[in-house]
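In this note's numbering, the protein residues as written are 1 to 394.
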């Protein structure tokens, strides 16, 4: 495969962030934050309207049934806002967890004081449609299902299509945490039915942290009135206020919105969801191939590998110490991510942000040099890691 045009390296010489967000952003995105904006001014209201319109356009056909509601705060704020707004106080949620973010959603339900059923598949095993169907059939009290689109604690891309089919076949409603996937992986309404999804500015759109957004069916937004436990995180109230005034209810992160709007324009210029997703997939493929040639093994087989972040087992070699590996990689210009597996040692390398396949080849070379500096003779994982991976194949 031919190599594409190079993306400019960070102009401030900061290291690449090989993480699932915050991530490496373009200089133009950073530069957009240099101007001050009045939060009530007509110019900023126009920016908010353009941002909402552009985000809805990413859905493709069927977008007219939805609206976009930005919410101040990190992605977890948006997940809480979605759960607290779209689930009635007497509702019950089936939370599908196979990593840290599903478990965080369950913890959120505890704080909300609302009923839920947790399907915990452990560190990485995917929740499947048949499991969802069985749980919904056994518990008629469940009104909603929450699915994580891409669980970045392992890097798995969960099967949201079959989860959606099972949910609506049982007459329930689906909510999706697409925090680390939206913008690079499609959530097309004509293929995957859902009532609402959430994502964040500092993920695949390649903005900076400061707010997230809920994209929901207008009919679901209307039904959400009065559900919320929170003044600040009431999605329906935020939506109604924006529809009436064009303004955010409370002080918006104006500079972050300006940066995000610039990032959205770059996203469109790259070819939208398809173009962004293709670059990330190429990043993953080049990086995974190179790391495997060095002897590293991925947690996940190809079927489940997302183009967002990849989990690698730590080498069994006694000379390998992750903290030293991390620092040496950082000294070479790459900040990687610790692993979150509980059974075996691991680390993660992100594929998203202002990076391309040329950068990923540099990452592989840096890993090779780092192993040599550490005196690691083999990057092969311990037998326990391969046994763990065999569970996924089974």
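We put the CB at the ideal spot given by N, CA and C, even for glycine.
Every value quoted in this text rests on a predicted model; they were computed, and no experiment measured them.
Alpha carbon of residue i to alpha carbon of residue j, nearest angstrom
| i | j | result |
| --- | --- | --- |
| residue 183 | residue 381 | 33 Å |
| residue 231 | residue 87 | 16 Å |
| residue 6 | residue 360 | 11 Å |
| residue 216 | residue 67 | 6 Å |
| residue 150 | residue 368 | 28 Å |
| residue 272 | residue 58 | 7 Å |
| residue 366 | residue 211 | 33 Å |
| residue 258 | residue 33 | 6 Å |
| residue 350 | residue 185 | 15 Å |
| residue 191 | residue 64 | 15 Å |
| residue 378 | residue 287 | 18 Å |
| residue 374 | residue 274 | 40 Å |
| residue 189 | residue 60 | 8 Å |
| residue 329 | residue 305 | 23 Å |
| residue 167 | residue 236 | 23 Å |
| residue 253 | residue 324 | 37 Å |
| residue 292 | residue 224 | 48 Å |
| residue 193 | residue 12 | 43 Å |
| residue 138 | residue 118 | 14 Å |
| residue 390 | residue 280 | 27 Å |
| residue 1 | residue 307 | Caution is warranted here: a pLDDT of 42 is assigned to residue 1, below 50, making its placement in the model unreliable, and the coordinate value is therefore given only provisionally. So the alpha carbons of these two residues sit roughly 17 Å apart. |
| residue 158 | residue 53 | 27 Å |
| residue 338 | residue 303 | 23 Å |
| residue 20 | residue 35 | 27 Å |
| residue 285 | residue 22 | 22 Å |
| residue 43 | residue 355 | 32 Å |
| residue 18 | residue 278 | 17 Å |
Contact belief for residue i with residue j at Cβ below 8 Å, rounded distance in angstroms
| i | j | result |
| --- | --- | --- |
| residue 62 | residue 206 | Residue 62 to residue 206, Cβ: 25 Å. No contact. |
| residue 344 | residue 384 | 6 Å |
| residue 214 | residue 71 | 6 Å |
| residue 289 | residue 312 | Contact doesn't hold; Cβ gap of about 13 Å is too wide. |
| residue 107 | residue 142 | That belief does not hold up - the Cβ atoms of residue 107 and residue 142 are roughly 18 Å apart, past 8 Å. |
Residue i versus the options, residue with shortest Cα-Cα distance
| i | options | result |
| --- | --- | --- |
| residue 260 | 199, 315 and 216 | 199 |
| residue 181 | 96, 152, 190 and 347 | 152 |
| residue 78 | 104, 241, 288 and 358 | 104 |
| residue 165 | 108, 195 and 203 | 195 |
| residue 262 | 18, 96, 333 and 48 | 48 |
| residue 170 | 140, 312 and 355 | 140 |
| residue 173 | 111, 82 and 233 | 82 |
| residue 326 | 342, 346 and 308 | 346 |
| residue 128 | 114, 145 and 113 | 145 |
| residue 295 | 157, 316 and 277 | 316 |
| residue 116 | 375, 41, 90 and 226 | 90 |
| residue 363 | 332, 339, 376 and 341 | 332 |
| residue 161 | 176, 154 and 155 | 176 |
| residue 148 | 101, 12 and 252 | 101 |
| residue 341 | 11, 123 and 133 | 123 |
| residue 112 | 201, 264, 227 and 43 | 227 |
| residue 29 | 279, 348 and 266 | 266 |
| residue 299 | 119, 307, 318 and 348 | 348 |
| residue 371 | 69, 314 and 338 | 314 |
| residue 55 | 291, 388, 201 and 158 | 201 |
| residue 45 | 225, 243 and 154 | 243 |
| residue 376 | 337, 318 and 390 | 318 |
| residue 388 | 338, 154 and 109 | 154 |
| residue 218 | 21, 18, 69 and 37 | 69 |
| residue 251 | 10, 22 and 37 | 37 |
C-beta contact flag for residue i and residue j at 9 Å
| i | j | result |
| --- | --- | --- |
| residue 24 | residue 31 | no |
| residue 136 | residue 94 | yes |
| residue 269 | residue 393 | no |
| residue 73 | residue 229 | no |
| residue 75 | residue 203 | yes |
| residue 335 | residue 16 | yes |
| residue 197 | residue 187 | yes |
| residue 41 | residue 27 | no |
| residue 247 | residue 39 | yes |
| residue 357 | residue 276 | no |
| residue 255 | residue 249 | no |
| residue 221 | residue 80 | no |
| residue 51 | residue 264 | yes |
| residue 97 | residue 120 | yes |
| residue 132 | residue 156 | no |
Near the ligand NAP: residue i beta-carbon under 8 Å from a heavy atom
| i | result |
| --- | --- |
| residue 202 | Summarising the ligand content, the structure contains no ligands, and the ligand NAP is consequently not present. |
9 Å Cβ cutoff, residue i in contact with chain D
| i | result |
| --- | --- |
| residue 55 | Checking the listed chains, one finds no chain D in this structure; it contains a single protein chain. |
Inset, instruction - Give, in chain order, every unbroken run of the alpha helix (DSSP H) that is at least 4 residues long and sits entirely within the stretch 59-108. - result: 75-86
Legend entry - Segments assigned alpha helix (DSSP H), at least 4 residues, entirely inside the stretch 132-209: 160-169
Inset, instruction - Please go through the stretch 242-326 and give each complete alpha helix (DSSP H) segment of 4 or more residues, from N-terminal end onward. - result: 254-269 and 272-293
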